[in-house]
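Mapping to the UniProt record's numbering: the sequence shown position 76 is 76, numbers consecutive.
The beta-carbon is built from N, C-alpha and C at its ideal position, and this holds for glycine as well.
One structure is given below, encoded as C-alpha coordinates.
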Amino acid sequence: MILPHNHAIYRESTYRTCDASSGVLAKYESGDDKVELTESKKYWFICNVSGHCLGGMRFGVDVKAGNTSSTNLDPTPSTNSGNAFDTWSLGLRIFAFQFLLRLFC
1 MILPHNHAIY RESTYRTCDA SSGVLAKYES GDDKVELTES KKYWFICNVS GHCLGGMRFG
61 VDVKAGNTSS TNLDPTPSTN SGNAFDTWSL GLRIFAFQFL LRLFC
(Lines of atoms letter the chains of each structure in order from A and count residues from 1; the text may use other names and numbers.)
(Lines give C-alpha, C1' and ligand atoms only; values in the text may rest on other atoms or scores of the structure.)
Protein backbone atom coordinates (compact mmCIF):
# COMPACT_ATOMS: atom_id res chain seq x y z
CA MET A 1 0.00 0.00 0.00
CA ILE A 2 1.37 3.39 -0.98
CA LEU A 3 0.43 6.25 1.28
CA PRO A 4 0.35 9.82 -0.01
CA HIS A 5 3.18 12.11 0.99
CA ASN A 6 3.93 15.72 0.47
CA HIS A 7 6.62 18.22 1.01
CA ALA A 8 6.14 21.83 1.87
CA ILE A 9 8.14 24.97 2.44
CA TYR A 10 7.79 26.21 6.01
CA ARG A 11 9.03 29.02 8.19
CA GLU A 12 12.29 28.21 9.95
CA SER A 13 10.59 28.07 13.37
CA THR A 14 8.20 25.39 12.08
CA TYR A 15 11.12 23.46 10.56
CA ARG A 16 13.02 23.53 13.86
CA THR A 17 10.06 22.26 15.94
CA CYS A 18 8.50 19.92 13.33
CA ASP A 19 5.09 21.34 14.25
CA ALA A 20 3.48 21.49 10.80
CA SER A 21 0.19 22.88 12.11
CA SER A 22 1.30 26.39 11.11
CA GLY A 23 3.97 28.18 9.14
CA VAL A 24 3.23 26.68 5.70
CA LEU A 25 4.52 28.95 2.92
CA ALA A 26 3.94 26.55 -0.02
CA LYS A 27 2.74 22.95 -0.32
CA TYR A 28 3.52 20.33 -2.98
CA GLU A 29 1.52 17.10 -3.10
CA SER A 30 1.54 15.66 -6.64
CA GLY A 31 4.60 13.46 -6.15
CA ASP A 32 6.11 14.93 -9.31
CA ASP A 33 6.52 18.52 -8.17
CA LYS A 34 9.28 20.77 -9.36
CA VAL A 35 10.07 23.65 -7.05
CA GLU A 36 11.84 26.71 -8.40
CA LEU A 37 13.82 28.51 -5.72
CA THR A 38 14.18 31.91 -7.34
CA GLU A 39 14.95 34.14 -4.36
CA SER A 40 18.26 34.33 -2.50
CA LYS A 41 17.19 33.06 0.92
CA LYS A 42 16.87 29.92 3.03
CA TYR A 43 14.05 27.49 2.26
CA TRP A 44 12.92 24.92 4.84
CA PHE A 45 11.22 21.70 3.63
CA ILE A 46 9.52 19.01 5.71
CA CYS A 47 7.30 16.01 5.05
CA ASN A 48 3.92 16.72 6.62
CA VAL A 49 3.06 13.05 7.27
CA SER A 50 2.77 12.44 11.02
CA GLY A 51 6.13 11.61 12.61
CA HIS A 52 8.19 11.92 9.46
CA CYS A 53 9.74 15.31 10.22
CA LEU A 54 10.78 14.12 13.69
CA GLY A 55 12.22 11.03 11.97
CA GLY A 56 14.50 13.23 9.87
CA MET A 57 12.47 13.76 6.69
CA ARG A 58 13.31 17.46 6.46
CA PHE A 59 16.01 19.58 4.89
CA GLY A 60 16.99 23.19 4.31
CA VAL A 61 18.31 24.86 1.17
CA ASP A 62 20.26 28.12 1.21
CA VAL A 63 19.97 29.85 -2.17
CA LYS A 64 22.82 32.30 -2.69
CA ALA A 65 22.83 35.28 -5.04
CA GLY A 66 25.00 34.65 -8.07
CA ASN A 67 26.48 36.65 -10.90
CA THR A 68 25.10 34.35 -13.62
CA SER A 69 21.61 33.60 -14.86
CA SER A 70 21.69 30.04 -13.50
CA THR A 71 20.40 29.22 -10.03
CA ASN A 72 23.09 28.46 -7.44
CA LEU A 73 21.94 26.00 -4.75
CA ASP A 74 23.89 24.93 -1.67
CA PRO A 75 22.81 22.49 1.02
CA THR A 76 22.20 24.01 4.46
CA PRO A 77 24.39 24.59 6.38
CA SER A 78 27.15 25.54 3.97
CA THR A 79 30.48 27.24 4.50
CA ASN A 80 31.68 27.31 0.90
CA SER A 81 30.89 29.46 -2.11
CA GLY A 82 28.74 26.89 -3.95
CA ASN A 83 30.60 25.07 -6.70
CA ALA A 84 29.30 22.52 -9.21
CA PHE A 85 29.90 19.61 -6.81
CA ASP A 86 27.70 21.26 -4.16
CA THR A 87 24.88 21.76 -6.66
CA TRP A 88 25.18 18.12 -7.75
CA SER A 89 25.25 17.01 -4.11
CA LEU A 90 22.04 18.94 -3.39
CA GLY A 91 20.33 17.30 -6.35
CA LEU A 92 21.41 13.89 -5.08
CA ARG A 93 20.07 14.67 -1.59
CA ILE A 94 16.71 15.77 -2.97
CA PHE A 95 16.54 12.61 -5.10
CA ALA A 96 17.39 10.45 -2.07
CA PHE A 97 14.73 12.20 0.02
CA GLN A 98 12.07 11.57 -2.62
CA PHE A 99 13.24 7.97 -3.06
CA LEU A 100 12.98 7.31 0.68
CA LEU A 101 9.51 8.84 0.76
CA ARG A 102 8.35 6.45 -1.95
CA LEU A 103 10.21 3.45 -0.54
CA PHE A 104 9.01 3.65 3.06
CA CYS A 105 5.59 5.17 2.64
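What are the start and end residues of the alpha helix (DSSP H) that includes residue i?
i	result
Arg-16	12–17
Using the Cα positions of residue i and residue j, report the straight-line distance between them to the nearest angstrom.
i	j	result
residue 124	Ser-50	With the chain represented from 1 up to 105, any question about residue 124 goes unanswered, as that position is not in the structure.
Ala-96	Arg-58	12 Å
Thr-79	Ser-40	Its pLDDT being 48, under 50, Thr-79 is placed unreliably by the model, and the measurement read from it follows with that caveat. The alpha-carbon atoms of Thr-79 and Ser-40 are separated by roughly 16 Å.
Arg-16	Arg-102	24 Å
Val-63	Trp-44	11 Å
Gly-23	Arg-93	24 Å
Leu-25	Leu-100	23 Å
Thr-14	Gln-98	21 Å
Gly-31	Ala-20	19 Å
Gly-56	Glu-29	19 Å
If you measure from the beta carbon of residue i to each beta carbon in chain D, is any gap under 9 Å?
i	result
Lys-34	Although the question refers to chain D, the structure presented lacks it and comprises just one protein chain.
So the candidates are the options; which of them puts its Cα closest to the Cα of residue i?
i	options	result
Ala-65	Asn-48, Phe-95, Lys-42 and Asn-6	Lys-42
Cys-18	Gly-60, Ile-94 and Leu-100	Gly-60
Cβ atoms of residue j and residue i: under 9 Å apart, would you say?
i	j	result
Lys-27	Ile-9	yes
Cys-47	Asn-6	yes
Give the range of the beta strand (DSSP E) segment to which residue i is assigned.
i	result
Leu-25	24–28
Asp-62	58–63
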